[in-house]
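There are 2 protein chains.
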Amino acid sequence: MEPLLLFPDPAPPELAQALDLVGYPWKAVADERAATRSEPEDGWAGGVVVAANEPEGAFALCRALRKRDLPLEPLLLLVSGAQLGDLELREDLFDDFCLYPFQPLELEARLKHLFWRTGRGTRPELVEYGPLVLNLETYQAAIEGRPLDLTYMEYELLKFLASHPGRVFTRETLLSRVWGYEYYGGARTVDVHIRRLRAKLGEEHANLIQTVRSVGYRFGQSRWGL
Amino acid sequence: MEPLLLFPDPAPPELAQALDLVGYPWKAVADERAATRSEPEDGWAGGVVVAANEPEGAFALCRALRKRDLPLEPLLLLVSGAQLGDLELREDLFDDFCLYPFQPLELEARLKHLFWRTGRGTRPELVEYGPLVLNLETYQAAIEGRPLDLTYMEYELLKFLASHPGRVFTRETLLSRVWGYEYYGGARTVDVHIRRLRAKLGEEHANLIQTVRSVGYRFGQSRWGL
DNA sequence: CTCGGATGTGAACGTTATGTGAACCGGGCA
DNA sequence: TGCCCGGTTCACATAACGTTCACATCCGAG
Chain A
1 MEPLLLFPDP APPELAQALD LVGYPWKAVA DERAATRSEP EDGWAGGVVV
51 AANEPEGAFA LCRALRKRDL PLEPLLLLVS GAQLGDLELR EDLFDDFCLY
101 PFQPLELEAR LKHLFWRTGR GTRPELVEYG PLVLNLETYQ AAIEGRPLDL
151 TYMEYELLKF LASHPGRVFT RETLLSRVWG YEYYGGARTV DVHIRRLRAK
201 LGEEHANLIQ TVRSVGYRFG QSRWGL
Chain B
1001 MEPLLLFPDP APPELAQALD LVGYPWKAVA DERAATRSEP EDGWAGGVVV
1051 AANEPEGAFA LCRALRKRDL PLEPLLLLVS GAQLGDLELR EDLFDDFCLY
1101 PFQPLELEAR LKHLFWRTGR GTRPELVEYG PLVLNLETYQ AAIEGRPLDL
1151 TYMEYELLKF LASHPGRVFT RETLLSRVWG YEYYGGARTV DVHIRRLRAK
1201 LGEEHANLIQ TVRSVGYRFG QSRWGL
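Residue numbers (the numbering used here), protein chains in the order written: chain A, 1 to 226; chain B, 1001 to 1226.
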């Protein structure tokens, strides 16, 4: 079996021990570079990321691992009780989470359940909204069947927006969620990308992205019901 | 929002309370027959099944709910630590599990993540008062289902007022709470915004905002008690 | 009934956020 | 090395927005 990716490096002893006990091979990495460097031939079997001690590094790693051509999955996040509230805005960065410190039995059960449910391919590889379709595997986008020629950043931005239809995001939020937390640049960058997206969507569909003055941008219509 | 199915009936007090606190409606059922009988029009929003106390009944219910034409989803299972080992054989009966007894925060986070990944969307944060609805995530407002086109300041003002129905606020208070503490401007600004809000609410609902002469403004009916 | 302060109203004004076109810059590739 | 592509930044145009003012109207006190 391919090893699991562990963060941080070195891995917390009790985590390493728990995995050893139930027979999961693993390898600890300190950051994205290390993750790429020591990646096995057939890719990682999955990931266990401890966010309780070094949240920034942990979330940065998750984001990087999710953005790859073949996103790392399944990804189990270990969080402290105090971090539970922060998870809401990072739903897409992990597949399941577990309180840290953890019970070995619970960790094992979660890993088993994760492998069971991701093994059946329950993950959607498409993001759809009305006439828009994003194929996450091939990095292609289309509207009404007509292919869109998007650049990397345009694709990422559209993917993020279309994954959260109806919701308003400030430029700062978009910069941190799409560009990355450590990004340090002008907010007007977002405007320009929005404009190009609207242009490529075509006049007919430009209104898929709406401006909410003095707040930010919204994709699609709002959700009134549940 | 449609209610969650709870097992057993009656529901454990701490579970009922935790769900009430975060605003999930629920209905407890004792078995499959009760589940079918009291099922809402649009189906259950999901299920929370406590397996810690009555494992046989709980798993039987899960099995029944999964076998239906429209399987109940998502289903969160609450298990004791001693039951963790048994889960392996029942992977297909639930979508996620949580240790019981549970931390309310963890329960909330798991429900949110479940709703997110099963695509049923998390409940939007709403401020409601009678016919008025404010969607805080999408920055949209509606009255009697009809969308209101509000500017940023109008929205912020209405949000503040509608969040404190029945209470009277002086113009100075509104300026400091809505516009910001350091704001330095004329009090008549408030009047103008109130007028525009009334206009947009429509003649029928303009009285949602009442003038309290020589004091300020009040939203909704006055509260006699408390 | 009358007076005066408080509030409603319409319009004008100044500010600010956003749209827009183009220049800049840096990395990959020939 | 020099070109090309994409991402970023800048400067300017523009329209939306918030604020202010002058005046009209309302309401309660006396």
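The beta carbon of each residue, even a glycine, is placed where N, CA and C say it ideally should be.
Is there at least one Cβ from chain A nearer than 9 Å to residue i's Cβ?
i	result
Asp1095(B)	yes
Arg1117(B)	yes
Thr1170(B)	no
Thr1138(B)	yes
Phe1087(B)	It should be noted that the sequence gives Leu, not Phe, for residue 1087(B). Yes - at least one Cβ of chain A is within 9 Å of the one on Leu1087(B).
Thr1151(B)	yes
Leu1099(B)	yes
Leu1084(B)	yes
Glu1154(B)	no
Glu1106(B)	yes
Leu1226(B)	Unreliable positioning characterises Leu1226(B) in this predicted model, as indicated by a pLDDT of 39, which lies under 50. The coordinate reading is nonetheless provided below. Answer no: the Cβ-Cβ gap between Leu1226(B) and chain A never drops below 9 Å.
If we cut at 9 Å on Cβ distances, does residue i have a partner in chain B?
i	result
Gln103(A)	yes
Arg109(A)	In the sequence as presented, Arg is not what sits at residue 109(A); that position holds Ala. Yes - at least one Cβ of chain B is within 9 Å of the one on Ala109(A).
Gly121(A)	Residue placement at Gly121(A) is poorly supported in this model, since its pLDDT is 49, which falls under 50; the coordinates are not used for a value here.
Leu208(A)	no
Lys112(A)	yes
Glu125(A)	no
Arg213(A)	yes
Gly81(A)	yes
Gly166(A)	yes
Lys91(A)	In the sequence as displayed, the identity of residue 91(A) is Glu instead of Lys. Glu91(A) counts as touching chain B.
Arg177(A)	no
Arg218(A)	yes
Leu19(A)	no
For the alpha helix (DSSP H) containing residue i, name the first residue and the last one.
i	result
Gln229(A)	Because chain A spans 1 through 226 in this model, residue 229(A) falls outside it and cannot be assessed.
Glu56(A)	Pro55 to Lys67
Phe1115(B)	Pro1104 to Arg1117
Arg1033(B)	Glu1032 to Arg1037
Using the rule of at least 16 other Cβ atoms within 10 Å of the residue's Cβ for burial, across every protein chain shown, is residue i buried or exposed?
i	result
Phe1115(B)	buried
Glu1106(B)	buried
Gly216(A)	buried
Leu201(A)	buried
Val1022(B)	exposed
His113(A)	buried
Pro25(A)	exposed
Ala1109(B)	buried
Tyr181(A)	exposed
Pro1124(B)	buried
Ala142(A)	exposed
Tyr1183(B)	exposed
Gln17(A)	exposed
Leu65(A)	buried
Val1212(B)	exposed
Gly220(A)	buried
Leu20(A)	The amino acid at residue 20(A) is misidentified as Leu; the sequence shows Asp. So Asp20(A) ends up on the exposed side.
Leu89(A)	exposed
Asp1095(B)	buried
How far does the beta strand (DSSP E) with residue i in it reach, from first residue to last?
i	result
Tyr152(A)	Counting along the chain, Tyr152(A) falls outside any beta strand (DSSP E), though it belongs to the alpha helix (DSSP H) covering Tyr152 to Ser163.
Trp26(A)	Trp26 to Ala28
Gly1049(B)	Looking at the sequence itself, residue 1049(B) is Val, so the reference to Gly does not match. Segment Gly1046 to Val1050, the beta strand (DSSP E) holding Val1049(B).
Leu1208(B)	Here Leu1208(B) belongs to no beta strand (DSSP E), and DSSP marks it neither H nor E.
Leu87(A)	Segment: none, Leu87(A) is in no beta strand (DSSP E) and carries neither H nor E.
Which residues share a DSSP beta bridge with residue i?
i	result
Thr170(A)	Gly216(A)
Ala142(A)	Val133(A) and Pro147(A)
Glu1128(B)	Val1133(B)
Val190(A)	Paired residue(s): none; Val190(A) is not in a bridge.
Val1079(B)	Leu1099(B)
Leu4(A)	Trp26(A) and Gly46(A)
Going by the C-beta, is residue i closer than 8 Å to any heavy atom of the ligand MG?
i	result
Trp116(A)	For the ligand MG, the structure offers nothing, since it holds no ligand at all.
Next on the checklist: Closer than 8 Å is the cut-off here; do at least three beta carbon pairs connect the stretch 1011-1026 of chain B with the stretch 185-204 of chain A?
Outcome noted: No, because fewer than three Cβ pairs between the stretch 1011-1026 of chain B and the stretch 185-204 of chain A fall closer than 8 Å, the two stretches do not touch.
Checklist entry - Between the stretch 1031-1048 of chain B and the stretch 1066-1080 of chain B, are three or more C-beta pairs nearer than 8 Å? => result Yes: the two stretches touch, three or more of their Cβ pairs being nearer than 8 Å.
Next on the checklist: Check whether the stretch 207-216 of chain A and the stretch 167-176 of chain A are in contact - that is, three or more C-beta pairs closer than 8 Å.
Outcome noted: Touching, per the Cβ criterion.
Checklist entry - When the Cβ atoms of the stretch 46-56 of chain A are set against those of the stretch 73-92 of chain A, are three or more pairs found closer than 8 Å? => result Three or more beta-carbon pairs drawn from the stretch 46-56 of chain A and the stretch 73-92 of chain A are found closer than 8 Å, and the two stretches are therefore classed as touching.
Item to check | contact_flag[the stretch 153-168 of chain A, the stretch 1134-1144 of chain B] where n(CB pairs < 8 Å) is 3 or more | outcome: Touching, yes, given that three or more Cβ pairs across the two stretches are closer than 8 Å.
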